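Visitor: Dropping the structure in here first, questions after.
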Amino acid sequence: MALFRSFPSFSSFITVLVALLSVSIATAQLVTREQIRQSSARCCPEQFRKCCEQRLLKDERIHCPKALAGGGELLSEERALAMAICLEKELHGGQSVIEKRAHKCCWLLSGGQTCQSQCYDKLRAPSIAPAEKFTFTDECPPLTLNRTVPISEMK
């Protein structure tokens, strides 16, 4: 038990979880097309606006290949994160799970690539309310720390 707590990744994981659990969301609200249009206009540069709107409508993370960006500039990971944080705050009353970088802890989950990918995609999707972001775990095996000790047994 003490061995796991000495790893920086474990303490980072716990810190992020505590921070996320402290985010208070009274009720999850559906995002409307008008909210998507307005927030995209505020947070997404013109060349990526259509892509932003399409990704938000599908509850997907902001990722704009050249085809979706009108064949022009490729969206960098840093810029995509900044846009996603802005969008999430616009759509969910100033709250952002993306800004806390919770997606960086997805590799700690058991269940292999499928569970980890679901975690990453859900946590990076700005249109999904912060209170709903962790529903991907319903499809994952019991939560464990990097396939070792079940978190429920860590007391």
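Just so we're aligned, residue 2 is where the sequence shown starts under our numbering, counting upward by one. Beta carbons are placed, not taken as given, at the ideal position from N, Cα and C, and that holds for glycine. The model shown is predicted, which means the values in this text are computed figures rather than measured ones.
Let's see if you can read the secondary structure: which residues bound the alpha helix (DSSP H) around residue 119?
Guide: Reading the sequence shown from its first residue, position 118 is the one you call residue 119. Here the alpha helix (DSSP H) through residue 119 covers 113–124.
Visitor: Leaving out five residues before and five after residue 37 in sequence, what residues of the same chain have Cβ atoms less than 6 Å from its Cβ?
Guide: Counting from one through the sequence shown, the residue named residue 37 turns up at place 36. Excluding positions up to five away in sequence, the list reads 54 and 57.
Visitor: Could you give the DSSP three-state label for residue 45: helix, strand or coil?
Guide: For this step, residue 45 is matched to residue 44 along the sequence shown. Residue state, collapsed to three classes: coil.
Visitor: Counting pairs of beta carbons, one from the stretch 76–87 and one from the stretch 113–120, are three or more of them closer than 8 Å?
Guide: Touching, no.
Visitor: Nearest to residue 159 by CA position, among 46, 96 and 49, is which residue?
Guide: For residue 159 there is no data in the structure shown, the boundaries of the chain being 2 and 156.
Visitor: Residues in the same chain with beta-carbon distance under 6 Å from residue 50, minus the five sequence neighbours each way, listed in chain order, please.
Guide: In the sequence shown, counting from the first residue as 1, residue 50 sits at position 49. Hits under 6 Å: 41.
Visitor: How would you call residue 110, buried or exposed, if buried means at least 16 neighbouring beta carbons within 10 angstroms?
Guide: Residue 110 sits at position 109 when you count from the first residue of the sequence shown. Buried: at least 16 other Cβ atoms inside 10 Å.
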